[in-house]
Amino acid sequence: MEQRQIDAANAAGVPVTFYWGNAEFYQYRICDGDPQGINDLVAAPTGPGDFSCPGSPLPCPSMESFHPNNTGTKRYAIAFQKALTLANY
Numbered sequence: 378m379e380q381r382q383i384d385a386a387n388a389a390g391v392p393v394t395f396y397w398g399n400a401e402f403y404q405y406r407i408c409d410g411d412p413q414g415i416n417d418l419v420a421a422p423t424g425p426g427d428f429s430c431p432g433s434p435l436p437c438p439s440m441e442s443f444h445p446n447n448t449g450t451k452r453y454a455i456a457f458q459k460a461l462t463l464a465n466y
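Residues in the sequence shown are numbered from 378 upward in steps of one, following our numbering.
Structure follows, in structure tokens:
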């Protein structure tokens, strides 16, 4: 589906490049083991700046849940650099 949209945008004169960064995350996904590049469910701290669930006996999910950690940020950087190269930047 993405390729059809890219082709349509390019045909309309809009320079669009799509890069699927899945290869950069091979063996770094949540279920792939260690090291993970994407956080699994993270319990929120009790301080300000994150979600709170007053009255809930369960921990609240942190905003860090399912987002890249330090390893994942490096993997995103690799994918982004490849995307820029593909787009001739």
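C-beta atoms are modelled at their ideal positions from N, C-alpha and C, and glycine is treated no differently.
| query | result |
| --- | --- |
| Return the Cβ separation of His-444 and Ile-407 in integer angstroms, given the expectation that the two are a contact with Cβ distance under 8 Å. | At roughly 11 Å, the Cβ-Cβ gap does not stay under 8 Å, so His-444 and Ile-407 are not in contact. |
| Apart from the five residues on each side of it in sequence, which residues of its chain come closer than 7 Å, Cβ to Cβ, to Leu-418? | Pro-438 and Ser-442 |
| Counting C-beta neighbours from all protein chains within 10 Å, is the total for Glu-379 16 or more, i.e. buried, or is it exposed? | exposed |
| Of the residues Ile-383, Asp-427, Pro-392 and Tyr-405, which one's Cα is nearest the Cα of Ile-455? | Tyr-405 |
| Between which two residues does the alpha helix (DSSP H) containing Leu-461 stretch? | 447-463 |
| If Tyr-396 sits next to Lys-451, beta carbons under 8 Å apart, how far is it from one beta carbon to the other, in whole angstroms? | In fact, because the Cβ distance is near 16 Å, the residues do not count as touching under 8 Å. |
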